[in-house]
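These protein sequence lines map, in sequence, to chains E and X. The letter at position 77 of the first sequence is residue 77 when you use this note's numbering, and the numbering goes up by one with no holes. This note's numbering runs 116 ahead of the 1-based position in the second sequence. Just so it is clear, CB atoms sit at the ideal spot from N, CA and C, and this is done for glycine as well. Heads up: the structure comes next, in C-alpha cells.
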Amino acid sequence: EPEVTQTPSHQVTQMGQEVILRCVPISNHLYFYWYRQILGQKVEFLVSFYNNEISEKSEIFDDQFSVERPDGSNFTLKIRSTKLEDSAMYFCASSETRQQMVGGYTFGSGTRLTVV
Amino acid sequence: KNQVEQSPQSLIILEGKNCTLQCNYTVSPFSNLRWYKQDTGRGPVSLTIMTFSENTKSNGRYTATLDADTKQSSLHITASQLSDSASYICVVTGAGNTGKLIFGQGTTLQVKP
Chain E
1 EPEVTQTPSH QVTQMGQEVI LRCVPISNHL YFYWYRQILG QKVEFLVSFY NNEISEKSEI
61 FDDQFSVERP DGSNFTLKIR STKLEDSAMY FCASSETRQQ MVGGYTFGSG TRLTVV
Chain X
117 KNQVEQSPQS LIILEGKNCT LQCNYTVSPF SNLRWYKQDT GRGPVSLTIM TFSENTKSNG
177 RYTATLDADT KQSSLHITAS QLSDSASYIC VVTGAGNTGK LIFGQGTTLQ VKP
C-alpha cells in the first residue's frame, strides 16, 4: 500500500536554528498538507499546498514557516528560527483530491521535533 | 467557530468487551467525517469516512454512525483486542475548503487483558 514517507523521524535542534522537515507524498497525489501535534494536544492544521502554491494556511503558519516542493517528489516544511514552542510532532499528509472520499488522505509517521 | 469535541477523554475496557466513542461537531458547511486511529508516536490511520448522506459505515470490528442533523457521530468497537489500545480521533472536513481536516482531541482507549 502506498505510503507517505517522512524524514527524519526525530530531530533535535537548538533554539534559533533553522530546520527542514522532509516528506515524500504518494506519487499520484496532488494535494499536500502539514499538520502538527504538540505533546498531549490535538492535531492542528498548518498549511495545504496545491499546484505549487499554498492554498490555505492557519494562524500558526507565520513568517517563520515556509513550504516548498523543490523537485516534484519531495515536500518540505522549513522553520527559519526555531522556538521552544515549536517542539511537536509534525505530520505530512497527501490526498489525490481535495475532498478525498475513498481513503487516500494519508498521513506519514511524523517527525518529532525537539527544540532545546 | 468550527470545532470537534469528543467524549470520553479516556476509556479503559477489558479485552473482548465492546465500547462506543462519541463525537460532536460544529463544522458548517460539512463535507465528510472520518475516524482515525493513532498509536502513540505514529501518524493517524483512517478507519472510516462518511459523507453527510451516510448514516453508518463499518470496517471490520469498527462501526461508525453519523447524524448530520444533530451533528453527532459515534464509533463502536466490537470484541475489543489489546491492539485496539490507541487514541481514536474524530476528524471533520468542511465543504468547499482546501482539504483541511479539523481534528478532535481524541479518546484514549486502553484495552486490558
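- Contact annotation: Q188/X and C139/X have beta-carbon atoms nearer than 9 Å.
- According to the DSSP secondary-structure assignment, D183/X is paired through a beta bridge with Q188/X.
- For T97/E, no beta strand (DSSP E) run applies, since DSSP gives it neither H nor E.
- In the structure shown, L198/X falls within a helical segment according to DSSP collapsed to helix, strand and coil.
- Comparing C-alpha distances from F168/X to each of A202/X, Q122/X, F146/X shows the shortest one belongs to F146/X.
- Within the model, the alpha-carbon separation for Q119/X versus V208/X is close to 9 Å.
- Contact between the region 17-24 of chain E and the region 63-77 of chain E is established, with three or more Cβ pairs separated by less than 8 Å.
- For L217/X, the closest Cβ of chain E is nearer than 9 Å.
- Distance from the CA atom of H10/E to the CA atom of Y178/X, rounded to whole angstroms, is 32 Å.
- E56/E sits in a strand when the DSSP states are folded into three classes.
- Beta-bridge partners assigned by DSSP to S123/X: Q138/X.
- Contact of R112/E with chain X is assigned, a C-beta pair being separated by under 9 Å.
- At the C-beta level, N148/X and H192/X stay beyond 9 Å of one another.
- In this structure, the CA atom of Y204/X is about 33 Å from the CA atom of S81/E.
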